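Chains as they are written, first to last, in the UniProt record's numbering: chain A, 1 to 209; chain B, 1 to 209. We put the CB at the ideal spot given by N, CA and C, even for glycine. Fair warning: this is a prediction, and the values are worked out from it, not measured in the lab.
Number of protein chains: 2
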Amino acid sequence: MTKTESTKSRILDAAEQLFAERGFAETSLRTITTRARVNLASVNYHFGSKKSLIQAVFDRFLQDFTKELSLELMTLEQLEPVQLEAEKLLNALIKPLLSLNSRRDNAISIFMRLLGRAYAETQGHLRRYVTDKYGHVLVRFTHLFQKGYPSLTIDQIFWRLHYMLGSMIFTLGGSEALRQISQADFNRDLGVEDVIKEMVPFLAAGMKA
Amino acid sequence: MTKTESTKSRILDAAEQLFAERGFAETSLRTITTRARVNLASVNYHFGSKKSLIQAVFDRFLQDFTKELSLELMTLEQLEPVQLEAEKLLNALIKPLLSLNSRRDNAISIFMRLLGRAYAETQGHLRRYVTDKYGHVLVRFTHLFQKGYPSLTIDQIFWRLHYMLGSMIFTLGGSEALRQISQADFNRDLGVEDVIKEMVPFLAAGMKA
DNA sequence: GTATGTTTCAAACAGTTGTTTGGAATTGAT
DNA sequence: ATCAATTCCAAACAACTGTTTGAAACATAC
């Protein structure tokens, strides 16, 4: 059993990294199994198919993330409307993100990049899978914002949340490359945590606009 | 010559649509040539390779877009610092976008989706190609913001521009799918133009924060 | 030690990919 | 009408894809 687990998780480790780097279609099972130092057939043996492997990669991430996020939302849901400031709501999203990074190096970037790629899969199984399984936290989030900012219409909140998601996925998912540009043009280097901190006032101001 | 042009542009039309829908790797030349009703070999004859075809698709879009954008930037660059409000700067970006849509249906979504996919290509030729060829407008944009908001540091401006780009690419590129969700959950339907209008105050507030 | 179930592995499978080829069809100029 | 250049096209190419197979290696229990 221990040998199996190491094979499965070695595959997951290699897969999530490669998927984030190159994309799903651009990553072959042979590339994954070579990097994971396991036999090619073991992916189909342990996961069934490449599609299922992709979902398994997401599952591992989303389990950790949504568990923490759900906890944050629960405490927020017991607050009075006046206490629900945008900054506080944003932190409920950011705290679980940051704790991802404490478990594994670079986890935020990988996770955001995977999300971005899943989102880009327009025709795909993945998009449905992610939204079906984890769309309810978005709904809870929407309700919280509605409660804190009752002057905004529900569509305004809906769309602003998506502007926000776009900012986060885009900048955090590509942060290495962006940091390279930033470093080249402005001779400064920011870590992912710094970028997130910079992001909060920007997003909060937008949500309150 | 006229036959050739029609073949070339038929390929470009089919390719840009399919690339935006499914992605570059997920779209085969056979799918493209079938939809374009041309022979398979004509892609390699007219464009050389699939990579070059992808670049050609971008070129056609970016030529129209950057020409208009550059014009907008020029008029802004002759204004006084106090006149450079965030809303005005945003409109300089949005106007060329909207005029894309007047030429071809759905052009904004397609363009944004292509940009998103190019951006996701981390290892790739495309990323370099786009940033190399059109990165200077980003620099001009940064300078304008710096002039209008001198209290912000250069890194703050740099990152906020990227938050902004993320919002735009994410929401406009996926707007059909998002609109579906919006329609299902809130029974409202917004066109791309409406989403953009909704976006301006959000982004402007963030930039000024 | 034998038997049972699980996991690994090399090899092969059928299908798809981008690209190349050499000849046919078409074009435009003289 | 003749010639040269351009464009088209069916067919084939080698390389790569995800998946399956059946036997070998391993582990676990009696």
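{"query": "Presumed contact (8 angstroms Cβ cut-off) between LEU115/A and ILE108/A, rounded CB distance", "result": "Contact doesn't hold; Cβ gap of about 11 angstroms is too wide."}
{"query": "Chain-ordered chain B contacts of TYR149/A [CB-CB under 8 angstroms]", "result": "None at all; the shortest Cβ gap to chain B is about 13 angstroms."}
{"query": "Within the region 38 to 125 of chain A, ranges of the alpha helix (DSSP H) (whole runs, at least 4 residues)", "result": "41 to 47, 50 to 77, 86 to 103, 107 to 120"}
{"query": "Proximal residues to SER167/B (C-beta, below 7 angstroms), its chain only, five neighbours per side dropped", "result": "MET199, LEU203"}
{"query": "Nearest neighbour of GLY148/A, chosen from LEU138/A, THR171/A, GLU77/A [CA to CA]", "result": "GLU77/A"}
{"query": "Within chain B, the residues that ARG160/A reaches when beta carbons sit closer than 7 angstroms", "result": "PHE202"}
{"query": "Enclosing alpha helix (DSSP H) for TYR149/B [first to last residue]", "result": "Segment: none, TYR149/B is in no alpha helix (DSSP H) and carries neither H nor E."}
{"query": "Through-space distance from TYR163/A to PHE24/B, alpha-carbon basis", "result": "25 angstroms"}
{"query": "Secondary structure of LEU203/A, DSSP reduced to three states", "result": "helix"}
{"query": "Beta-carbon neighbours of GLY166/A, restricted to chain B and to distances below 8 angstroms", "result": "GLY166, SER167, MET168, ILE169, PHE170, THR171"}
{"query": "Rounded straight-line distance, which links the Cα of THR34/A to that of LEU190/A", "result": "33 angstroms"}
{"query": "Enclosing alpha helix (DSSP H) for ALA36/B [first to last residue]", "result": "29 to 36"}
{"query": "Spatial neighbours of MET1/B in its chain, beta-carbon cut-off 6 angstroms, leaving aside the 5 residues before and after", "result": "At MET1/B, the pLDDT of 45 sits below 50, so the modelled position is not reliable; the number obtained from the coordinates is stated separately. Nothing meets the Cβ criterion."}
{"query": "Best match in GLN17/A, ASN39/A, THR7/A, ASP59/A for proximity to VAL130/A [C-alpha to C-alpha]", "result": "ASP59/A"}
{"query": "Chain A within 8 angstroms of GLY191/B, Cβ atoms only", "result": "no"}
{"query": "beta-carbon GLU80/A near the ligand ADP non-hydrogen atom, thresh 7 angstroms", "result": "Within the structure as shown, the ligand ADP is missing, as the structure has no ligands at all."}
{"query": "Status (buried if at least 16 other CB within 10 Å, exposed otherwise) for GLY174/B", "result": "buried"}
{"query": "C-alpha distance - ASP13/A paired with HIS125/B, whole-angstrom precision", "result": "26 angstroms"}
{"query": "Among ARG104/B, ASN106/B, LEU71/B, GLU80/B, the one whose alpha carbon lies nearest that of ASN91/B", "result": "LEU71/B"}
{"query": "Coil, strand or helix - ALA14/A by DSSP", "result": "helix"}
{"query": "Collapsed DSSP secondary structure at GLU26/B in the structure displayed", "result": "coil"}
{"query": "Three-state class that DSSP yields for LEU161/B in the structure shown", "result": "helix"}
{"query": "ALA20/A in three-state terms, based on DSSP", "result": "helix"}
{"query": "Cutoff 8 angstroms: TYR119/B Cβ touching any chain A Cβ", "result": "yes"}
{"query": "Where residue 226/B falls, given that 16 or more other Cβ within 10 Å makes a residue buried", "result": "Here chain B covers residues 1 to 209 and nothing more, so residue 226/B does not appear."}
{"query": "Presumed contact (8 angstroms Cβ cut-off) between ALA36/A and ARG10/A, rounded CB distance", "result": "4 angstroms"}
{"query": "HIS143/A to PRO201/A span [Cα, whole Å]", "result": "21 angstroms"}
{"query": "Distance, ALA20/B Cα to LYS133/B Cα", "result": "20 angstroms"}
{"query": "Buried/exposed call for ARG103/B, threshold 16 Cβ in 10 Å", "result": "exposed"}
{"query": "Nearest-angstrom Cβ-Cβ length linking THR66/B and VAL38/B, presumed shorter than 8 angstroms", "result": "So it is not a contact: roughly 29 angstroms between Cβ atoms."}
{"query": "Residue-level contact to chain A via CB, LYS208/B, 8 angstroms cutoff", "result": "yes"}
{"query": "is_contact[VAL57/A, chain B] using C-beta, thresh 8 angstroms", "result": "no"}
{"query": "Cβ-based contacts, 8 angstroms cut-off: residues of the region 23 to 49 of chain A near chain B", "result": "GLY23, ALA25, GLU26"}
{"query": "Contacts around PHE61/A, its chain only, beta-carbon distance under 6 angstroms, and the 5 residues preceding and following it disregarded", "result": "PHE111"}
{"query": "Pair within 8 angstroms by beta-carbon distance, ALA15/B and VAL57/B", "result": "yes"}
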